[in-house]
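*Asks:* Taking our numbering, the leading residue of the sequence shown gets 1475, the next gets one more, and so forth.
Just dropping this structure here.
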Amino acid sequence: MSGAAIPVDLWCARVRPLPREAQALLSQAEQQRLGQILGTEERAAYVSAHLLKRHVLAQHLKCSPAAVRLKTGWNGRPELCDARALSFNLSHSGGYVALAVCAEAPVGVDIEQVRPRPSARRVVERLFAPEEKRLLLTLAEGEFASAFLRLWTLKEAFIKATGEGLARSLSSFAIDWRQPRLLRGAAQPYALAGFSLGTSYCGSLAAGGGLSMTLRKMDATALLNKYT
Ligand SMILES: CC(C)(COP(=O)(O)OP(=O)(O)OC[C@H]1O[C@@H](n2cnc3c(N)ncnc32)[C@H](O)[C@@H]1OP(=O)(O)O)[C@@H](O)C(=O)NCCC(=O)NCCS
């Protein structure tokens, strides 16, 4: 394990409807997935997210966006075919997409829209780790709502960084969201961090192999503007 902070790039953009030609950059597999998405907003989010992913990865790999070759790894985690240790992860929620890229360690990102979640306490009781329940369920409503969203996104970012996704039981690891850190549940250290996108979205990142990360936050609007 290195004691140095893990450098993570975070690209965020508002979803916008993109012209049909923009879809031509997507791979056959991505276009097939897009074909299964019916909602206009969901389709725009999918195209925005995957174009952003292709553009940013192409800059790293010094190739064209269409030439970036991807495969689906263990448990459905999308990965580069290229052997270089460049890790990326996507998240979309409502009107935003986020892409995390890290050249040194497996990375995961999750964003969620801030909105009322009437079943949040039940989710905690049923799914979260005992340490998390003890801390969360004693909070008063206003404090609980923001703590829940922070912890939820941290937990999702973690299972996306490990690549396990929902194959990993959410009670099998515990996170302290207040100064984000993993309390238990991994053989190696993970650096965790929270971020926000305005007041309407809560986001979190996880990166394996170290205890801290240096976050470079980038606005991806200009990248997507090329297509509008
Ligand atoms: C991967 C997962 C964990 C995240 O899903 P999500 O939060 O609904 O959606 P996000 O937009 O944040 O992430 C989806 C992206 O993650 C990536 N992804 C898919 N499987 C993944 C895996 N095993 N590991 C890492 N990333 C993965 C994909 O790029 C996917 O986007 P795409 O389908 O457009 O390619 C998913 O397994 C899931 O179904 N989550 C359900 C949410 C839930 O119930 N959470 C409980 C509260 S803690």
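Glycine included, each C-beta is placed from N, C-alpha and C at the ideal position.
Below 8 Å CB to CB, which residues in the same chain sit around ARG1528 once its five sequence neighbours on both sides are set aside?
*Replies:* Once the five neighbours on either side are set aside, the close Cβ partners of ARG1528 are LEU1499, LEU1500, PRO1539, ALA1540 and VAL1542.
*Asks:* Relative to the C-alpha of ASN1549, which candidate in LEU1573, SER1686, ALA1641 and LEU1697 has its C-alpha closest?
*Replies:* ASN1549 has its Cα closest to that of ALA1641, out of LEU1573, SER1686, ALA1641 and LEU1697.
*Asks:* Going straight from the alpha carbon of MET1475 to that of PHE1669, what length do you get?
*Replies:* Any reading at MET1475 needs caution, since the residue's pLDDT is 49, under 50, leaving its predicted position unreliable; the model's value is listed next. Rounded to the nearest angstrom, the two C-alpha atoms are 25 Å apart.
*Asks:* In chain order, what residues of the same chain have a beta carbon less than 8 Å from the beta carbon of ALA1532, not counting five sequence neighbours either side?
*Replies:* So the qualifying residues of the chain are SER1538, PRO1539, ALA1541 and VAL1542.
*Asks:* Report yes if the C-beta of GLU1638 is less than 7 Å from at least one heavy atom of ligand 1; otherwise report no.
*Replies:* For ligand 1, at least one heavy atom lies less than 7 Å from the Cβ of GLU1638.
*Asks:* Look at the alpha carbon of ALA1603 and the alpha carbon of THR1546, and state the distance between them as a whole number of angstroms.
*Replies:* Roughly 29 Å between the two C-alpha positions.
*Asks:* Going by the beta-carbon positions, is the gap between ALA1594 and ALA1619 smaller than 8 Å?
*Replies:* Closer than 8 Å, so yes.
*Asks:* Cβ of LEU1679 within 8 Å of Cβ of LEU1689?
*Replies:* The answer is yes: Cβ separation under 8 Å.
*Asks:* In whole angstroms, give me the CA-to-CA distance for PRO1491 and ARG1558.
*Replies:* Looking at the two C-alpha atoms, the distance is approximately 33 Å.
*Asks:* Comparing the CB of LEU1613 with every heavy atom of ligand 1, is any distance shorter than 7 Å?
*Replies:* Result no, Cβ not under 7 Å from ligand 1.
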